[in-house]
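Only one structure is covered here, and it is reproduced in the block below.
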Amino acid sequence: MNNKVQKAKKHRYHRRIGRSFGGDVAMIIFLLLFGSLTAFPLIYAIGNAFKPLDEFFVFPPHFFPQSPTMQNFSDLNNLLGNSLVPFSRSLFNTVFITVVGTCGLILLASMCAYPLAKKEFPGRQFIFKVIVAALLFNGTVTAVPLYIVMSKLGLVDNYLVMILPAFGLPMGLYIMKQFMEQMVPDSLMEAAYIDGARDFRVFWSIVMPMVRPAWLTLIIFSVQALWGTGSNALIYSDEYKTLAYSLSQIAASGLAYAGVGGAIGLIMMSVPIVVFILTQSNITEAMSTSGMKE
């Protein structure tokens, strides 16, 4: 009897969503197909990192390395060891800029988005429209104005020339403002005010935990952008050069360094991928549990 009830419920479920068992199988096959196409560049890049130099010039090209080797990483280590600036220095520069820039972006974007989303004051809508308009400008368009501003401030050839622009990323403020409007109910904030909490306490203890998906998303965007920054237009001293710039100079040295270029590509994309994997589950969990309705 219980089996018949379960089968009836299952049948009603499939009728409710309008898809049969065959439709489920077809959907899974469809998703696997496009998922494999999405993973194709990643798998190819990993294979290039372990290809010997002679396999880069065969035709037709091999998707997987026929004779995997670690020689590319060994050559890269030798090149970095013989460079004027130690590898550890370039790595420190990149990690420092990425960590400080990401933390500053999350903090400032959250503090600026809070009054825009939850306070009433003259010009609020105009300010938000300016922020939305700023999203339309590509980094290439703002490169010259950015250089002029940083030059007037005397910040060229300094860590701050890469960190300060990361603080003012319009996307961060936009995402934070939208999440605060949708996920933080006014009734919860009013209850906190009645209990005697002030604005900063409400912001830090109530708003920030509830918009956790937003700042986890910003971590992904910011780390991806700052980790791969070249900084060649605003930083001239070798002691301030980032890892991406140092490795790109090696990769552009000629065909003899094609294998080293494959190793460089794997190293540069590994950190953003790891950050994404570590934060993806947190984003999904937070989005499913932190929303509240009036």
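With our numbering applied, the sequence shown closes on residue 289, and no number is skipped along the way. Ideal Cβ placement from N, Cα and C applies to all residues, glycine included. Predicted, not measured: the structure shown is a model, and the values here were computed from it.
Helix, strand or coil for residue i, going by three-state DSSP, please let me know.
i      : result
Met106 : helix
Pro63  : coil
Thr97  : helix
Tyr252 : helix
Glu115 : coil
Leu150 : coil
Thr224 : coil
Pro160 : helix
Thr274 : helix
Ala247 : coil
Lys236 : coil
Tyr169 : helix
Leu141 : helix
Val20  : helix
Ile230 : coil
Leu155 : helix
Phe121 : helix
Phe29  : helix
Val269 : helix
Met287 : In this prediction, Met287 scores a pLDDT of 44, lower than 50, which makes its location untrustworthy; no coordinate-derived value is stated.
Phe174 : helix
Which residue wins for smallest C-alpha separation from residue i, given the options the options?
i      : options                           : result
Ala246 : Ile262, Asp233, Val95 and Tyr235  : Ile262
Cys107 : Leu131, Gly163 and Thr137         : Gly163
Ile170 : Leu102, Met145, Val139 and Leu221 : Leu102
Lys114 : Ser62, Asp194 and Phe16           : Asp194
Leu86  : Pro267, Ala251 and Ala239         : Ala239
Leu211 : Ala104, Phe51, Gly17 and Gly118   : Ala104
Ile201 : Leu183, Ser241 and Gly42          : Leu183
Leu48  : Gly96, Gly257 and Thr237          : Gly257
Ala129 : Ile214, Leu168 and Leu221         : Leu168
Trp199 : Leu27, Tyr109 and Pro36           : Tyr109
Phe271 : Ile259, Ile214 and Gly260         : Ile214
Leu232 : Pro204, Asp152, Met205 and Val255 : What sits at residue 232 in the sequence shown is Ser, not Leu. The residue with the shortest Cα to Cα distance from Ser232 is Asp152.
Asn43  : Leu28, Ile23, Thr64 and Ala34     : Thr64
Leu37  : Phe121, Met22 and Phe58           : Phe58
Phe68  : Pro81, Phe45, Phe52 and Pro60     : Phe45
From residue i to residue j, what distance separates their C-alpha atoms?
i      : j      : result
Val218 : Thr274 : 12 Å
Asp70  : Phe54  : 24 Å
Leu100 : Met166 : 10 Å
Leu150 : Lys124 : 29 Å
Arg196 : Ala186 : 13 Å
Ser146 : Ile158 : 15 Å
Gln66  : Arg84  : 23 Å
Pro140 : Cys98  : 25 Å
Met178 : Leu111 : 14 Å
Tyr252 : Gly76  : 16 Å
Lys236 : Ala220 : 16 Å
Leu229 : Thr89  : 14 Å
Suppose only complete runs of 4+ residues qualify. What are the alpha helix (DSSP H) ranges in the segment 32 to 92, listed by chain order? Within the segment 32 to 92, the runs of alpha helix (DSSP H) at least 4 residues long that lie entirely inside it are, in chain order, 66 to 76.
Any chance you could list the alpha helix (DSSP H) runs of at least 4 consecutive residues sitting entirely within the segment 181 to 223, in chain order? Here the runs fully enclosed are 181 to 189, 194 to 197 and 207 to 222.
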